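According to my numbering, the stretch in the sequence shown is residues 11 to 295, in order.
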Amino acid sequence: MLIGGIEAGGTKFVCAVGEKSGEIIAKTSFPTEEPGQTFDHVKDFFQDYDLEAIGIASFGPVDLDKSSKTYGTILNTPKMKWKNYDVLSRLKADFHIPVYIDTDVNAAALAEYQFGAGKDVNSCMYITVGTGIGAGFVHNDKTYIGKSHPEMGHILLRQHEDDDFAGVCPYHGNCLEGLASGPAIEKRYGKKGVELADVKNVWEIEADYLAQAIMNYTLVLSPERVILGGGVMKQQQLYPLIRKRFSELLNDYVSVRDLDAYITAPDLADEQGVKGAMELGKMKG
Ligand code: ADP
Ligand code: ZN
11 MLIGGIEAGG
21 TKFVCAVGEK
31 SGEIIAKTSF
41 PTEEPGQTFD
51 HVKDFFQDYD
61 LEAIGIASFG
71 PVDLDKSSKT
81 YGTILNTPKM
91 KWKNYDVLSR
101 LKADFHIPVY
111 IDTDVNAAAL
121 AEYQFGAGKD
131 VNSCMYITVG
141 TGIGAGFVHN
151 DKTYIGKSHP
161 EMGHILLRQH
171 EDDDFAGVCP
181 YHGNCLEGLA
191 SGPAIEKRYG
201 KKGVELADVK
211 NVWEIEADYL
221 AQAIMNYTLV
231 LSPERVILGG
241 GVMKQQQLYP
251 LIRKRFSELL
261 NDYVSVRDLD
271 AYITAPDLAD
281 EQGVKGAMEL
291 GKMKG
């Protein structure tokens, strides 16, 4: 029997079928359209396989409060056709097998924890720094969901002394996502991050915000590893800058033995989302 995994992103869906070992035997991806059409494609792809369960790693926010009437429904999103769309009911109606839903970042954390940069520890975070900023947390084989799910990309930080940018978050202005996401970099400097690769100050400011966030997460969650991925982290120079600033900010208040191992890059290339979705399916299957 096989497990299905769906990485449901705002711009792209990735679907995979795999063995319980995590090995992928078939995979496809397609652009995210209206929800009805998009899930028709999902149905077409999976119907050739005898699946035991499906896991879905969803963009959000999504209602993950099991006691809620709208459990498994997409909440506030600028994609109007997706707002209030009941992802979980649609999948259950199509496949009649257990479906397990979690956030995209929790699934990515779970995949890295099982197979990737966190496979030797008992807890890890996965932070994506891309169009948005989000973070997932896994502890003792389980993702952390809380009442619905955390929104760790929207924490408040101290603004860097050389930065008076108002931020791009429509809800909070200068929260972490407002100051340090890809669109924040682009709006602040009028150029995309990739075109600013050689401008040192850009990455020092970026590293300061990410280091502040990681300090806060470290103090609140005490993870064993912090894995940073997403488009902005393609600027490899950020990793040493973040470690240095994190170390200054933390000031040895809690001990982090091996900083290079603690703040690290993902191991699963771009497959952590869909592999994590399959892992979610295994929990139920
Ligand atoms: P998404 O978050 O939409 O899933 P990504 O993780 O690829 O997608 O993030 C996209 C963001 O990352 C964009 O804002 C883009 O400008 C930025 N980005 C992509 N590649 C780079 C790069 N090499 N250097 C800096 N920023 C990048
Ligand atoms: Zn915000």
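Backbone N, C-alpha and C fix where the C-beta goes; we use that ideal spot for every residue, glycine too. Keep in mind it's a predicted model, so treat the numbers as computed, not measured.
Remark: the shortest separation between the CB of Val266 and any heavy atom of ligand 1 does not fall under 7 Å. In terms of side-chain proximity, the C-beta atom of Val209 is found no nearer than 7 Å to any non-hydrogen atom of ligand 1. In this structure, the C-beta of Gly188 approaches ligand 2 to less than 7 Å from one of its heavy atoms. Short of 8 Å from the beta carbon of Gly283, and not among the five residues preceding or following it, lie these beta carbons of its own chain, in chain order: Glu17, Gly19, Val24, Ala67, Asp114, Ala117, Ala118, Ala121.
Taken through DSSP and simplified to helix, strand or coil, Lys292 comes out as helix.
Straight-line measurement puts the Cα of Gly140 at about 15 Å from the Cα of Lys201. Selection Leu260, Gln222, Arg255, Pro160 evaluated against Leu186 yields Gln222 as nearest (Cα-Cα).
Assignment of Leu166 by DSSP, reduced to helix, strand and coil, places it in the strand class. A distance below 8 Å between beta-carbons, with the five flanking residues on each side excluded, links Pro71 to the following residues of its chain, in chain order: Ile84, Leu85, Asn86, Thr87, Ser158, His159, Glu161. Per DSSP, Leu248 is one residue of the alpha helix (DSSP H) stretching across 248 to 260. In the three-state reduction of the DSSP assignment, Ile215 falls in the helix class, which pools H, G and I.
Within the same chain, Cβ atoms closer than 6 Å to the Cβ of Lys102 are found at Val109, the five residues on either side in sequence being excluded. In the three-state reduction of the DSSP assignment, Thr138 falls in the strand class, which pools E and B.
Residue burial is scored here from C-beta neighbours: Pro233 has at least 16 other C-beta atoms within 10 angstroms and is therefore classed as buried. Around ligand 1, the residues whose beta-carbon falls short of 7 Å from at least one of its heavy atoms are Gly19, Gly20, Thr21, Thr138, Gly140, Thr141, Gly142, Ser191, Gly192, Pro193, Ile195, Glu196, Lys202, Gly203, Val204, Ala207, Gly240, Gly241, Val242, Lys244, Gln245, given in chain order. Residue nearest to Lys37 within the set Asp130, Met293, Ala287 is Ala287 (criterion: CA-CA distance).
When distances are taken from the beta-carbon of Tyr219 to the heavy atoms of ligand 2, even the shortest one reaches 7 Å or more. With the rule of 3 Cβ pairs closer than 8 Å, the segment 121 to 139 does not count as touching the segment 39 to 49.
Counting only the Cα atoms, Phe49 lies some 20 Å from Ile35. Annotated three-state conformation of Ser99 is helix, per DSSP. In the structure shown, the three-state DSSP call for Gly192 is helix.
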